[in-house]
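Enquirer: Here it is, the structure, as structure tokens.
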Amino acid sequence: MKKYLILLLFTFQGLMAQVQFEARVSKNTLGLNERLRIDFIMNVDGDNFEQPSFDGFRIVAGPSQQISQSWINGRSSFQKIYSYFLLPNQKGTVTIKQASIEYNGQIYKTTPIKITVTNAVAQERDPNAQQQQGTGNETLNLVAEISKTNPYVNEPITAVYKLYFNNIGVTGFKELSKPKYNDFWNQNIDIKQLVVEEGSYKGQRCYFVVLKKTILYPQKSGRLTIEPLSLDIGVQLPSNRRDMFGQMIITEGNKVVSAGAKTINVRALPETSKPPGFTGAVGKFDFRVTPSKTSLKNGESLDLIVSATGTGNMKLFTLPKPVVPNALEMYDPVHDEKVTTSLAGMSGKISDKYTIIPQYKGKYAIKPMVFSYFDLNSGSYKTITSPEIMIDVLDGPMQAESVASNTSKNVISKSEQFKYIKSKTILIPIAKDDFYGSDLYYGLLLLPFVILPIIVLAKKKKEAIDSDVTGNRIKMNNKLAKKYLSEAKKQLNHKEPFYIALEKAMHNFLKAKLHIETSEMSKDNIRELLLSRNSNPETVQSFINLTENCEFARYAPASSASIQQDYDKAVLIISELEKQIV
152 MKKYLILLLF TFQGLMAQVQ FEARVSKNTL GLNERLRIDF IMNVDGDNFE
202 QPSFDGFRIV AGPSQQISQS WINGRSSFQK IYSYFLLPNQ KGTVTIKQAS
252 IEYNGQIYKT TPIKITVTNA VAQERDPNAQ QQQGTGNETL NLVAEISKTN
302 PYVNEPITAV YKLYFNNIGV TGFKELSKPK YNDFWNQNID IKQLVVEEGS
352 YKGQRCYFVV LKKTILYPQK SGRLTIEPLS LDIGVQLPSN RRDMFGQMII
402 TEGNKVVSAG AKTINVRALP ETSKPPGFTG AVGKFDFRVT PSKTSLKNGE
452 SLDLIVSATG TGNMKLFTLP KPVVPNALEM YDPVHDEKVT TSLAGMSGKI
502 SDKYTIIPQY KGKYAIKPMV FSYFDLNSGS YKTITSPEIM IDVLDGPMQA
552 ESVASNTSKN VISKSEQFKY IKSKTILIPI AKDDFYGSDL YYGLLLLPFV
602 ILPIIVLAKK KKEAIDSDVT GNRIKMNNKL AKKYLSEAKK QLNHKEPFYI
652 ALEKAMHNFL KAKLHIETSE MSKDNIRELL LSRNSNPETV QSFINLTENC
702 EFARYAPASS ASIQQDYDKA VLIISELEKQ IV
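In my numbering, the protein residues as written are 152 to 733.
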């Protein structure tokens, strides 16, 4: 009896045993270049295991299966594990969804797990990564070379990204995360062709290729961080094994490399000796104020060109504004930039051209203008003062005579003081003609017979317009292009709304002129369509460059002068394409 009771007890215990199925990860936070191990563990021999989709990750190894079973003090234990090694594809919070098994006709699922993926981290070796084949002498490193780590505000520095490799084949790469230059004005330097060069890394001779060059201008002082560039690189690894012909066996795989974050300590410009009117120019400049003429007749105009040439942050400061006498009418300037950007920084010329029209005869002085900049070579401020410019207006009314004539016009004689008060009385008869039989009566009576044909014709025309779907879409896109271009002009002092509106204006202009949809607006398709419509190749390239610049400029610092320049370019390019497209 006792034996049967014990047997019944074990049977009851087995029935009451709970099925456990869970997912465990090696870590909940990892870098973009680190691997994650995930184990799906069950305490029963479940069937029909279904792995999750692993969205946001790539499987680099697995699944591997482990089964263990033991008897301890008369009690059995069972465990089955499915293991995977994953590599993240993106930063952010990624959720690993549920896996499932079937046991005794029931479906059991794991709990979803949230994983936080951060920037790539420096690491010697990922302890969770499986060993890849290789001889152990391979080199593969991505390095960000910063020209200077303690610059002044608006002093140019360069970031050059080099990939060093040795005893390893590189078949291709893709960017997992792009470097972010927060609080930097930045511009990429075009690399037309990747060239393999010989060099050394940590004293070891190897090869390298320059992948990216960027010029940076810090916009504020303090510790600024450049987030890393991370790449997923396809590689070919040699092994110690050989085939039947004695040739070394090459295995293909992927490796993730990161340049690592860089910290720049930016120094503020000196405050003690900063001259008044300093607008942020840093570099080496020459400043000139040049009039197109100094003697002119009444009704003629002159151009006053205020320019700065040299090397420095050419696009990141404003030129001083001239002060002229009231007798000279000065219009808003036309800004022009002829600037080239290389690894040495920006160089060239920027200018503001003012149109001035004199109102009266006489000689008038345009006061000297002062331009200040911070010289990086000497570490001090430099000031350039332009000479005074005398403008001689040869003919026209004198300013004093004009004032006297205006004064005489405002004098009212005593005899005219009451001329606006009516001196005659106009009487209106009390008795009026009846409405019935009047001209107004007959006019209103015939009005419906005149209006009805007009309504019918208007309705037919509206139906014809409504049926023209293509024409309506073109009209709507034209209307939207004008609307967003007008909106961009209103937002000249607000960078991000300006570039959003400008980009929408250019896209809707293309939709109207090329009769395309948003899904067809790839860069190559736009170029092909515009060129097929007899557009100038230079104008087409300018349009594509400006479209790309709109998205880029939203997140980069920009001056009001560069924003105005982009708006003027957009108006000019759209007007040129309007004439060229057939």
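For glycine and all other residues, C-beta sits at the position ideal for the given N, C-alpha and C.
A quick note: this is a predicted structure, and the numbers were derived from the prediction, not measured.
Ends of the alpha helix (DSSP H) at residue 518?
Expert: Per DSSP, residue 518 belongs to no alpha helix (DSSP H) and is neither H nor E.
Enquirer: Check residue 282 in the structure and name its three-state DSSP category.
Expert: The predicted position of residue 282 is uncertain, since its pLDDT is 40 and thus under 50; a value taken from the coordinates is nonetheless stated next. Secondary structure at residue 282: coil, using DSSP grouped into helix, strand and coil.
Enquirer: Could you give the DSSP three-state label for residue 729: helix, strand or coil?
Expert: helix
Enquirer: Starting from the Cα of residue 513, find the closest Cα among 477, 496, 543 and 536 and give me that residue.
Expert: 543
Enquirer: Once the 5 residues before and after residue 201 are set aside, which same chain residues still bring their CB inside 8 Å of it?
Expert: 250, 251 and 252
Enquirer: If we call anything under 9 Å between Cβ atoms a contact, is residue 316 one with residue 370?
Expert: No, these two residues do not count as a Cβ contact at 9 Å.
Enquirer: Determine, using beta carbons only, whether residue 695 and residue 677 come nearer to each other than 9 Å.
Expert: yes
Enquirer: Measure how close the beta-carbons of residue 305 and residue 368 come, nearest whole angstrom, since I'm counting them as under 8 Å.
Expert: With 8 Å as the limit, residue 305 and residue 368 qualify as a contact, their Cβ atoms being about 5 Å apart.
Enquirer: So which of 497, 603, 726 and 529 has the shortest CA-CA distance to residue 656?
Expert: 726
Enquirer: Have a look at residue 596 and residue 616 and give me their C-alpha separation to the nearest angstrom.
Expert: C-alpha separation (whole angstroms): 32 Å.
Enquirer: In whole angstroms, what separates the C-alpha of residue 492 from that of residue 469?
Expert: 18 Å
Enquirer: Could you check if residue 366 is buried or exposed, using at least 16 other CB atoms within 10 Å of its CB as the buried criterion?
Expert: buried
Enquirer: List the residues that DSSP assigns as beta-bridge partners of residue 447.
Expert: 544
Enquirer: Roughly how many whole angstroms lie between the Cα atoms of residue 280 and residue 186?
Expert: Bear in mind that a pLDDT of 40 at residue 280, under 50, signals an unreliable position, so the number given afterwards is only what the model happens to contain. Rounded to whole angstroms, residue 280 to residue 186 spans 6 Å at the Cα level.
Enquirer: List the whole-angstrom C-beta distance separating residue 247 from residue 231, where the pair is believed to meet the contact cut-off of C-beta under 8 Å.
Expert: Distance from residue 247 to residue 231 at the Cβ level is roughly 19 Å; contact not present, criterion being Cβ atoms closer than 8 Å.
Enquirer: Would you tell me roughly how many angstroms separate the C-alpha atoms of residue 236 and residue 714, rounded to the nearest one?
Expert: When rounded, the distance between both Cα atoms is 48 Å.
Enquirer: How is residue 642 classed by DSSP in three states: helix, strand or coil?
Expert: coil
Enquirer: Starting from residue 682, trace the alpha helix (DSSP H) both ways and give me its first and last residue.
Expert: 674-683
Enquirer: Let me know the secondary structure DSSP gives residue 383 once reduced to three states.
Expert: strand
Enquirer: My understanding is that residue 502 touches residue 462, with C-beta atoms under 8 Å, so please give their C-beta distance in whole angstroms.
Expert: Rounded, the Cβ-Cβ distance is 16 Å, inconsistent with contact.
Enquirer: Looking at C-alpha atoms only, which residue of 267, 171 and 290 is the closest neighbour of residue 257?
Expert: 171
Enquirer: Tell whether a beta-carbon distance below 9 Å holds between residue 466 and residue 488.
Expert: A contact, by the Cβ cut-off of 9 Å.
Enquirer: Unbroken alpha helix (DSSP H) runs of length 4 or more, entirely within the region 225-269: which are they?
Expert: Counting whole runs of 4 or more residues, the region 225-269 contains no alpha helix (DSSP H) stretch at all.
Enquirer: Using the Cβ count rule (16 or more neighbours within 10 Å means buried), how would you classify residue 730?
Expert: exposed
Enquirer: When the distance is taken between beta carbons, is residue 507 closer than 9 Å to residue 539?
Expert: no
Enquirer: Looking only at its chain, what residues have a beta carbon closer than 8 Å to the beta carbon of residue 269, apart from the 5 residues adjacent to it on each side?
Expert: Here the set comprises 180, 181, 182, 183 and 242.
Enquirer: Which residue or residues does DSSP assign as beta-bridge partners of residue 416?
Expert: 374
Enquirer: Report the three-state DSSP secondary structure of residue 663 (helix, strand or coil).
Expert: helix
Enquirer: Return the CA-CA distance between residue 505 and residue 475, expressed in angstroms with no decimal places.
Expert: 11 Å
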